[in-house]
Structure formats: structure tokens, C-alpha cells
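Report on the following structure.
Residue numbers (our numbering): 839 to 1949.
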């Protein structure tokens, strides 16, 4: 952005004079005041005079509608009454006297159509294809459907917490040089904001002053560390910056306010803009900001000269004349075609014209056609305007078009999974594409429209579309500044100042929020269509939203295949979901450490119960209400978050994101203080007053509870030996042995008995050395690993959304990975467990590792835990990503089956799992699970748990039937991108042999038998799924005593890691197939009356490589 080295104003001695007491301040003369009075009468009040002559229009009363939330509560109450139970009060988001407003909380599709039809019938509508703005209204209904209670708070209702009216208000006849701060609003890039031809120009003193944008005047100095204000227009991301400049002289505040009202409210009809406080009387006092259009000319040495305000207002008054006067029509008819075209191009085309009293009153002239005047001298030329219909009335909002587009997209995805597309499929695709194109080109559904209007009663404005383009950006910046100004109130509540304000903004931004308009979105769209640029340049939508999409199998595989960044990188996700992922781990960590120390005699189960009560969403919403986060949150102005259930859930998520933001900006100590004070802070309704004894008692109780929460006791082993217990090493061989482990990892514990307790299995009895088992330390270590992993993933995986981060974290913190790390470090050698046990199970080994992390945190702190995880955990992420260890076999099988779905099916077909057998005693029971797809059994497997058996069955199904999953997308699912690349590089002979083996094994064994098919499938599975986890990595202590890695050697054990658990479906759908699956093949052939020779197990033609439904 170019910054001028100096600026100056045009001389205007007849209109402005220097103040006698302040040489920097300029005051208006009587001549300028007369000019402002004339401007106000001729331009601002002209529409009021026209409307006074019109018949008042009364909008038909809307039919009340009950929202779905209200209906559900009514039904629930009626059921209680019918059942004889005494119905309690109906709990809604409104108070008792506000319940009538809940009927406006939602609007159905037919209501939108009705609203659009009513708006079309407005008697003073300029044209049926031009959409206008009404205060508080969108194109298809009211802007705010919130209840009366909800309207009392929220930035979406123009209520910015902590905002105060400017005091004292500005002097209207002065430029207030000592009280205002001047900034230039700069937009980058300049695409679509700088007209290449015929920009708005004011000619003065033989110089052309070109419109540059707007100046912003603030009552306080704007901070330099605010996050940048960004908007997305025309699929291009723009940066809106405010650049301090030298204060101009030749203007007054009254002139700025009159000019702003004319541009924003009279011409652009942004009637919902309100830069005053909501309870501030209109036109009394000062708005929060003042704006001024800038007309500049360049000066030597990168200087600029600003046009004085009197010249701008004079230009608008001079251009206030009819676009075409009746007396001038004969003269225009005499012009030849070339002269007519030159006149229209230079003076009229692209100019904004207005017709006061109509809806809308202003529009852009794209062409002026004089053919009616040539035929009839009394006819005015016609204005041609090329506009766009709102999305609700075009093909984009048409239900038929949406249905056709959905079917076409579904067909394309279906054909993309086929190995070969035949002629019928191509014809079917072409037919659907043609039907979609016909709907798009239908006259009543076309997005682009041409409006033809008579030029009679239209007035020139002297402004062009570049002024409208810049003006529609100003409300966004002002809303951004007001929001960050109100955040000082939140920082005072938190008792800290954020170094990175962007983190605080993200923590309060709901995913539904878009900072694109700063006012009523339909008003901005309508004004942009009517008065903005005709043919803007559009960016590539695919590039813009490349990292914002998170749905779909292909997108999942694409994002999850990306490795960690080398340095900490900012994310492109502009809402709180990623911070919520981190904050959830932070709150769980803080709750765990405080409960761990405050209740030294409570075992792991009790601590987990207490922690669940603290971190549940319902309780977090209460804490968010204490901080009044609902007043600061940014979210879409819709009916969704106007109800307690949705709003409380959003508030809980915002609190978690806020804790994550404080953790990143200030560290865990500040989060601990803020969370503790919020946890025991009295509710905002319990005001401590002399007459409120209960609130006073609660205030003293709050102080006592907070002190107990913050000043917890140390661990019992630390209390016994405050300065350390290493003096006991020489007396206990167990401790002597643990010193070898300390040398191995490069860490020396101050309280080595904590390390001994971490290695003590729960089955070992109580002893005076460790004072218990490792269960409590395992409870603490689990949250430590959760927090450290979340922090690392948040910082070094910026392109991953919260769901993707959760998948990666699950691959780190699951029992299998922890058990492998346990073996890598040789912890089994130092573990204390009964000799009767033949080794330790996976869960026990994982518990020991977590207990070690807990002991390391208690003894050394969080930084040591971070370093430990950086050495032994995070290097494995690259292997997990390359081999898709985040994707468990059940998920892979389901993803593969989804690629084979039929077009005719309403719901996608997915594998079904059923427990068909269980045997053995309770502690060693084995479960046998079968997996079905389309009514056929694919595989059976056994395991010590249902989940393990389901995974094994899914693995066998993938291995035995991989010939059905031959598409490249499915190869990515099964093998990952690296596996597919290796497969492509494989020789043709190897691929032929592999296909032969797979086909013979599949054809020779019935589905789901426990013999050769499964054995072959197991061998194929081992070939398909590469070795996974490092089990032979050894650590050693370098010279600095730090953990180092040596020779990562991957073991064949633990090849797959469990991410988030999948939902088990109902088994009723597969019961009827059990008998058929166990029936001999010959009996099935005889009963079906035919041979299976032409069909495979899934009813698919053997000579065709696509799936078909079996009859």
C-alpha cells in the first residue's frame, strides 16, 4: 500500500477559517453553512417531500408462525398433561412476557416465497427485477427473528459491550482537530475497486481530482496491533487497512454527517446502518466514527492534495439535474450515432442516477437508448441496466434446480468409481447435464436480468460505481473496529491483555459468521447489484476455498496426507473450531491436575467422575455466561442461536476456544488463573449488596473455594521429602535399578519414588515406598499427553480442521502407540507387577507410559513432558500419515463400500457388523463378529473385544475382496497415496500374479468361512498394510542429558491404530441372511433355480467390473 509522504487540502478561505484559540482547528464560515443547508434541503430531504405526496403504503400483516423449538416444547408439555403428570412451566429462551415473540424464530420455505411475492407487489417499486431495501427486512422476510430477550444482547443487534458515546460530542461547525484521529481506508488488492475507465472525477482549477476511497475519523487512537480486517468479494480475499495520515483542514463534522447520510442512506439505501449506540437518540451526539470521500490529485515527491469538502458538496449540487430534460430531447435526437455514443460513454455510462421516492431509488446506468425518442419526440430515452436477481429467485434457489444438481453430482461421483464407463452411462450423464443447463437458462430462473426504464424523473448524482464499491466496504471496517473496541471490556473481565488479538477474535467467532458486509447482508447485495460495478473480475473459487472444505472422502484423504510444517504456521481457518480442539484439552488438563492434588485419596474412577462434571458442555456454558461471552460472540444473525440449547452449546465451545487462546498467548499459568476465577466466580445475577445476605455469604464462600482451588497441596511423596528423596536410592534396589532408566532417557527425578510409583502395577499391594499404584498418575498422564499432543498438532498442522486434528491425536494417544513406546523405552524391565502374570497386556503397558508422563509432570513440569513427546511420539506422525494409521479398518471398509453405492438407492449402503458367537469366561472371553455388505457375509473374525473382532473382520474383508475396490480413490483409502504410488511402479508381472492369487482365493472359498479364504486374506492383508509402529527404537542420553533417538526400526506388531470409534449399526437388517450364509452352496443353487456361474458373491456379473443389486 502506497503511503503519501505529505498531504494538503485545496485552499478554501471563503468557507473555512482558522480557530482563534487553536491554530490546528478549522471552523466553518457562514457561506459554508448556507451551502450545507442548501445541500440538506435539495438532496437529503428531497425524498421526504416526494413521499409526502404519495399514498402511504401499509405492508400486509404477516401470518404468525410458531418455531419448531416452540412446537416441540408444546408437544412435550401436552404429553405430560395427557399422562396425568403435573406440567411445570414451559422453559424457553424468553421470559414469561416475551413468549409471544418466539413465534417469529423460524421461517419455512413457503413463508419466504410469500415474502418475496409481497415485495414484488410494492406499489412504488421501480421495476419488478430491481430489489430494494426496507429497514429491518431482508428480501425474504425480517432480518431479526430473535426474541425480545435475545434482542437485549449481542453484537448482531448493534450492542457492543462497554461502548460509550463520544464525550464531549464533536463541535458540528469545526473539524475537531484536537479530538479526532484521521485514517485513510486502503483496500488491497485494488481489483474491482478502481475503475479502469471513467472513474468519479471532480474538475477544479484545471486539475482532475480522482476518487480514491474514504477517510475515517475516530474519536480515539486506533491500536496498531489489531488483526487485519479481511473480506471476500467476487471470490477474492481483500485486506482493509486503516493508515494514519496528516489531519485535513477544510471540512466540518456536520458536513461529514450530511454527506454520509446522502451516500449511505439516500443513494445506497443502507438503511440498517447505525454507527450510534442503540440507546442513543438519532442525530443527537456523535456517531462512533465519521467518514469522508477522498478526491485527490498527485503532487511532486509522492504528495497528495485533498479536495476540500465545500468543493465536493458543490459538485453534487451542480449535478443535481434531470438525466434527460424534456426540453433537451429534440436536441438529443439530432445527434448522429457517433456523437450520441461518445456523449453516453463520457458523461452517462456508469453514472449513478436516482429517482426519489421509488424503490430502489438509485441504480447504475449501463446504457442509454434513444430509439423511443427518435420514433416519438415526446418519449424519453430509456435506461438500460444489467443486474442480477437475488439467489432466492434465481436458479440457485430453485428447488427443481437444486434437485437436478444433486442428482447430477451423485451420478458423477458414481461414474467416477466405475472401472469402465459404457455408452449408456455417458448418454445418461449428458441428459442430466442438458436438463440442468435448460433450467439454468430458463427465462424465469436466469440470474442475469436486463432492466429497461424510462429516463423520466431520474436525476444525475455526479458519482459513479467506484464510490458505491468503496462505500460498501466501510461498514465492514467500522464493525471490525467497534468489535475490537468492545473486547477491552472482556479483557478487563479476564484481567489480562492479549498480545495477539487475532487469537481472541478467533475464540469468539462462530463458524456461521462471515465478516463480509457489516450490515444487513441483503441490503449490501442489493446495493452492490444496483449501484456497484457491472462486470467485476472474479477469482478462482477453488483456490480461495481450498483449505476451508472438510467434507468428503477425497478431501479427507487429501488433508490427512499432508505432513507437519517445519515451523509453527498460522491457519487459514477463521473460526473457533481449531481453538476449541486445543481448549478442550487445556480445560481437561487443568481440571485433572487440580483434582489430582486436591483429592489425594480418591482413585482414578472418582477423579474421572469429578472431571466429567467440570468439563461437560452444560457446565461450561454456565462459566461462559459468567464471562458474558454471549455478548461478545460473532455469529450469523439467524434463528438458530436464538434458543437456549444452541446458544449454550456455542457458548461452551467459545469458552473452550478462549482457554485455548489464552494458553497460546500467555501460557498455562494464566489459563489456570482465569479458569479458576471463572469457576468459582458468583453468577452475574448474584450481586453482592448490603441487602442481599445470601449473595454476601456466597461472595465469602467464593473466596474460600478459589483459595482452595489455587493453593492445593503437593503430592504426598513430595510432602514427605520436600527437598527430594534420592537419598533413599542406596537403601532400595528398586530405586537403584530405576537410576539406569533415568540415565537411558536423560532425566534425573528429584523425587525418584514418583518414578517408582509410575512403574507399580495396580495389582501390587500397598507399600511404604510408593504409597500406592500408578492408577492416579495414569489419570494425570493421560491429560498431559492429550494437551501436549493437541498443542503440537494445532501449531504444526495449520491446514487440518478440528476433526482431522482429532484423528491425528487419536493415532498418538491410543493404547497401541503408547504400548509400543513403552516397549521402545524398555519400561517392562523396570515395571513392578506380580510374577504370576505372564507379561503385561497392551492396556497395562499404555497405563505405565501414561503414569510415567504424570510422574514426569509432577516432578519436572510441562516443559519436560513436551520435550519427551517431541522425541518419542511426534516423529512417528509421519509414519502414521504415510501409512494411514489414523484410518482404522472399519472406516476404510465403509469408505470403500460408499464408493460403490447405486444411484437408485435413497440411502448409501454400508457394512453391517454382527456378533455371531462369544465363548470363554468373562475375563478372557472371545467374540466372533461377521461383517455383511448387501446381505452377504464378507468375513468373520475373533477377538478379545467386540471392537477388536470388528477390526479383524474388516481387515479380512478388505484383503479378500480388494479386487472389487480397484479404483484409484479406493487405493488411496486402503493403501494411502504412497501405497498407490508404489503400486503404480510395480511391475506388470507382479500385478498379474497378485491378481491371480487374489481371484483364486476368492473363488475357492465361501464368504466368511474360517479356512483358506481367511488365511489367504490374512496374507494379503499383511502385504497390503505395511508395517506400522516403531518398537525397536532405543533412546540414549547424549552429552547434554537430552532424549535422543537412534535407528528407528519398525516392528510387525501393532500395524493399525484406533482413531475415533465408529457407530455400530443395528443387526436387524442382517438377521434374515444368517441362515442363507450358513446354507450349503448346492442347496442355495437348487433353491434359486439356477447356477451361480455367471454371478459372483455380490450378484455382480463376472464379466463386468461394476456392482449390481442382487434380485
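Backbone N, C-alpha and C define an ideal beta-carbon position, used for all residues, glycine too. Since this is a predicted model, take the numbers as computed values, not measurements.
Looking at the structure shown, is residue 1056 part of a helix, part of a strand, or coil, going by DSSP? Walking along the chain shown from the start, residue 1056 turns up at place 218. The three-state secondary structure of residue 1056, taken from DSSP, is strand.
Of the residues 1202, 1070 and 1171, the one placed nearest residue 1356, counting alpha carbons only: As a first step, residue 1356 must be located in the chain shown, where it is residue number 518. Of 1202, 1070 and 1171, the residue nearest in Cα terms is 1070.
In whole angstroms, what separates the C-alpha of residue 1301 from that of residue 1077? Mapped onto the chain shown, residue 1301 falls at position 463. Mapped onto the chain shown, residue 1077 falls at position 239. Each residue's Cα considered, the two are about 24 Å apart.
Under a Cβ-count criterion, where at least 16 other Cβ atoms within 10 Å of its own Cβ denotes burial, should residue 1929 be classed as buried or exposed? If you number the chain shown from 1, residue 1929 lands on position 1091. With a pLDDT of 40 at residue 1929, under the threshold of 50, the modelled position of that residue is not reliable, and the figure given next carries that caveat. Residue 1929 should be labelled exposed.
For residue 1551, does the three-state DSSP call read helix, strand or coil? The residue given as residue 1551 occupies position 713 in the chain shown. Note: residue 1551 maps to coil in three-state DSSP.
Starting from residue 1051, follow its DSSP beta bridges and name the residues at the other end. Here residue 1051 is taken as the residue at index 213 of the chain shown, counted from 1. 1132.
Pair within 9 Å by beta-carbon distance, residue 867 and residue 852: Here residue 867 corresponds to residue number 29 of the chain shown, with the count starting at 1. Here residue 852 corresponds to residue number 14 of the chain shown, with the count starting at 1. Closer than 9 Å, so yes.
Three-state class that DSSP yields for residue 1768 in the structure shown: Start at 1 with the first residue of the chain shown, and residue 1768 comes out as number 930. Residue 1768 falls in the strand class under three-state DSSP.
Any idea if residue 1922 is buried or exposed, counting beta-carbon neighbours within 10 angstroms, 16 or more meaning buried? In the chain shown, counting from the first residue as 1, residue 1922 sits at position 1084. Any reading at residue 1922 must be qualified, since the residue scores a pLDDT of 40, below 50, and its modelled position is unreliable; no value is offered.
Does the stretch 1141-1149 come into contact with the stretch 842-849, if we say contact requires no fewer than three beta-carbon pairs (one atom in each stretch) closer than 8 Å? Note that the stretch 1141-1149 touches the stretch 842-849; at least 3 beta-carbon pairs, one per stretch, sit closer than 8 Å.
Go through its chain and collect everything with a Cβ distance to residue 1096's Cβ below 7 Å, but skip five positions before and after it. Your numbering for residue 1096 matches position 258 in the chain shown. If we look at residue 1096 and ignore the five residues flanking it on each side, its Cβ neighbours are 874, 877, 878 and 882.
Would you call residue 1166 buried or exposed, if buried means 16 or more other Cβ atoms sit within 10 Å of its Cβ? Here residue 1166 refers to the residue found at position 328 when the chain shown is read from its first residue. Classification of residue 1166: exposed, given that the 10 Å Cβ count is below 16.
Where residue 1137 sits in the DSSP three-state scheme: On the chain shown, position 299 is the one that residue 1137 refers to. DSSP places residue 1137 in strand when its eight states are reduced to three.
So, is residue 1401 buried or exposed, given that buried needs 16 or more other C-beta atoms within 10 angstroms? The residue given as residue 1401 occupies position 563 in the chain shown. Burial call: exposed.
Meets three-Cβ-pair contact criterion under 8 Å: the stretch 1275-1285 and the stretch 1125-1140: no
Would you report the Cα separation of residue 1494 and residue 1446, rounded to the nearest angstrom? In the chain shown, residue 1494 corresponds to position 656, counting from 1. In the chain shown, residue 1446 corresponds to position 608, counting from 1. Cα-Cα distance, rounded: 19 Å.
Am I right that residue 1596 and residue 1686 are in contact with their C-beta atoms under 8 Å? What's the rounded C-beta distance? In the chain shown, the residue the question calls residue 1596 occupies position 758. In the chain shown, the residue the question calls residue 1686 occupies position 848. Sure, about 7 Å apart at Cβ, within 8 Å.
Straight-line Cα distance separating residue 1648 from residue 1714: As a first step, residue 1714 must be located in the chain shown, where it is residue number 876. As a first step, residue 1648 must be located in the chain shown, where it is residue number 810. C-alpha separation (whole angstroms): 13 Å.
Considering only their Cβ atoms, is the gap separating residue 1118 from residue 999 smaller than 9 Å? Residue mapping note: residue 999 aligns to position 161 of the chain shown, counting from 1. Residue mapping note: residue 1118 aligns to position 280 of the chain shown, counting from 1. Not closer than 9 Å, so no.
Below 8 Å CB to CB, which residues in the same chain sit around residue 1574 once its five sequence neighbours on both sides are set aside? Here residue 1574 refers to the residue found at position 736 of the chain shown. Excluding positions up to five away in sequence, the list reads 1567 and 1568.
Check whether the Cβ atoms of residue 1072 and residue 1377 sit closer than 9 Å, and answer yes or no. By 1-based counting over the chain shown, the position of residue 1072 is 234. By 1-based counting over the chain shown, the position of residue 1377 is 539. A contact, by the Cβ cut-off of 9 Å.
List the DSSP bridge partners of residue 975. Locating residue 975 in the chain shown gives position 137, where the first residue counts as 1. In DSSP, residue 975 forms a bridge with 980.
Burial state of residue 1541, where buried means 16 or more other Cβ atoms lie within 10 Å: Position 703 of the chain shown, counted from the start, is the residue given in the question as residue 1541. Counting Cβ neighbours within 10 Å, residue 1541 comes out exposed, since fewer than 16 surround it.
On the CB-based measure, 16 or more other CB atoms within 10 Å of its CB, does residue 1261 come out buried or exposed? Within the chain shown, the letter at position 423 stands for residue 1261. Exposed, since its Cβ has fewer than 16 Cβ neighbours within 10 Å.
Any idea what DSSP makes of residue 868, helix, strand or coil? The count along the chain shown starts at 1 and reaches residue 868 at position 30. Helix, per DSSP.
Residue burial classification, residue 1209 (beta-carbon count within 10 angstroms, cutoff 16): Here residue 1209 refers to the residue found at position 371 when the chain shown is read from its first residue. Counting Cβ neighbours within 10 Å, residue 1209 comes out exposed, since fewer than 16 surround it.
Report back the beta-carbon spacing between residue 967 and residue 1289 to the nearest angstrom; my notes put them in contact at under 8 Å. Mapped onto the chain shown, residue 967 falls at position 129. Mapped onto the chain shown, residue 1289 falls at position 451. Confirmed, Cβ separation roughly 5 Å.
On the DSSP bridge list, what partners appear for residue 1298? Indexing the chain shown from 1 puts residue 1298 at position 460. Paired residue(s): 1191.
Can you give the Cα-Cα distance for residue 1323 and residue 1061, rounded to whole angstroms? Stepping through the chain shown from its first residue, residue 1323 is reached at position 485. Stepping through the chain shown from its first residue, residue 1061 is reached at position 223. So the two alpha carbons sit approximately 9 Å from each other.
Among the residues of its own chain, which have a CB less than 6 Å from the CB of residue 1039, if the five just before and after it don't count? Along the chain shown, one-based indexing puts residue 1039 at 201. So the list reads 1046 and 1048, once near-sequence residues are dropped.
Residue environment, residue 961, which counts as buried when at least 16 other CB atoms sit within 10 Å: Against the chain shown, residue 961 aligns to sequence position 123. Residue 961 should be labelled exposed.
For residue 1160, which of helix, strand or coil comes out of DSSP? Numbered from 1 along the chain shown, position 322 holds the residue referred to as residue 1160. In the structure shown, residue 1160 sits in a strand (DSSP, three-state: E or B).
So the candidates are 1086, 1128 and 1007; which of them puts its Cα closest to the Cα of residue 1055? Here residue 1055 is taken as the residue at index 217 of the chain shown, counted from 1. Measuring from the Cα of residue 1055, the nearest candidate turns out to be 1128.
Assumed close pair residue 1086, residue 1144 - CB separation to whole angstroms, cut-off 8 Å: The residue you call residue 1086 lines up with position 248 of the chain shown. The residue you call residue 1144 lines up with position 306 of the chain shown. Contact holds; Cβ gap of about 5 Å.
Does the stretch 1088-1095 come within contact of the stretch 1339-1356, defined as at least 3 CB pairs closer than 8 Å? no
Three-state secondary structure assigned by DSSP to residue 1292: Locating residue 1292 in the chain shown gives position 454, where the first residue counts as 1. It is a strand residue.
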